[in-house]
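*Asks:* If you count the sequence shown from 1, position 94 lands on 142 in my numbering, and the numbers rise without skipping.
We put the beta carbon where it would ideally sit given N, CA and C, even for glycine.
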Amino acid sequence: MSENVKVLISEQEVTEKIQELADRINKDYEGKEIHLICVLKGSVFITCELAKRLTVPVTMDFMSVSSYGDTQESSGRVKIVKDLDESIAGKDVLIVEDIIDSGRTLSHLIQLLQSRQPNSVRLCTLLDKPDRRVTDVTVDYTGFVIPDEFVVGYGLDYAQKFRNLPYIGVVVE
């Protein structure tokens, strides 16, 4: 397959949206400390950019959770590849995701994290594809609602390619 990528959301639009998300989060968490959970690998880009713009105290941890392989379709099976390094008991947790598609992965992850007795669990995503949702997931902070297209860039990949694009694009043949 010979892939090309067309721009869906520009680098400038992504940067501006992350600032908007940070402004809302700063307001909502004023006087509190946030424990960011970056869902690897794709969310590294938005988590780092978001963290730089947060004015409230921040701690951070990482998880790797997967329901994809090298395909454009979710397998429906959720696998924890890397768990948290620290306890989240009593913390205000903000899960940071690159994209929410079917909702299966996030639903599973939220249930798992809530069982660990945090003070709160909220969800922030750069991209949301509600047309693909098969499991209800409450998204507290959404960057962009996008159509049902396979997107890459800004951490999102296709078979590990295109993560480094500074914008969100659509793979075209």
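In this structure, how does DSSP classify residue 160 when only helix, strand and coil are distinguished?
*Replies:* Sequence index remark: in the sequence shown, residue 160 carries index 112 (1-based). In the structure shown, residue 160 sits in a helix (DSSP, three-state: H, G or I).
*Asks:* Check whether the Cβ atoms of residue 147 and residue 56 lie closer than 8 Å to each other.
*Replies:* Walking along the sequence shown from the start, residue 147 turns up at place 99. Walking along the sequence shown from the start, residue 56 turns up at place 8. No; because the gap between Cβ atoms is not below 8 Å, this pair is not in contact.
*Asks:* Put residue 52 into one of helix, strand or coil per three-state DSSP.
*Replies:* Within the sequence shown, numbered from 1, the residue matching residue 52 stands at position 4. Residue state, collapsed to three classes: strand.
*Asks:* Would you kindly check if the distance between the Cβ of residue 53 and the Cβ of residue 200 is under 8 Å?
*Replies:* As a working mapping, residue 200 is identified with position 152 in the sequence shown. As a working mapping, residue 53 is identified with position 5 in the sequence shown. In this structure, residue 53 lies closer than 8 Å to residue 200 by Cβ.
*Asks:* Under three-state DSSP, which class holds residue 209?
*Replies:* Here residue 209 is taken as the residue at index 161 of the sequence shown, counted from 1. In the structure shown, residue 209 sits in a strand (DSSP, three-state: E or B).
*Asks:* In three-state terms, what does DSSP make of residue 184?
*Replies:* Indexing the sequence shown from 1 puts residue 184 at position 136. Coil at residue 184, not helix or strand.
*Asks:* Which of helix, strand or coil does DSSP assign to residue 135?
*Replies:* Translated into positions along the sequence shown, residue 135 becomes position 87. DSSP places residue 135 in coil when its eight states are reduced to three.
*Asks:* Using beta-carbon positions only, say whether residue 102 and residue 66 come within less than 8 Å of one another.
*Replies:* Numbered from its first residue, the sequence shown carries residue 102 at position 54. Numbered from its first residue, the sequence shown carries residue 66 at position 18. No, these two residues do not count as a Cβ contact at 8 Å.
*Asks:* Closer than 7 Å by C-beta to residue 69: which residues in its own chain qualify, once you throw out the five before and the five after it? Chain order, please.
*Replies:* The count along the sequence shown starts at 1 and reaches residue 69 at position 21. Contacts found: 98, 172, 189, 191.
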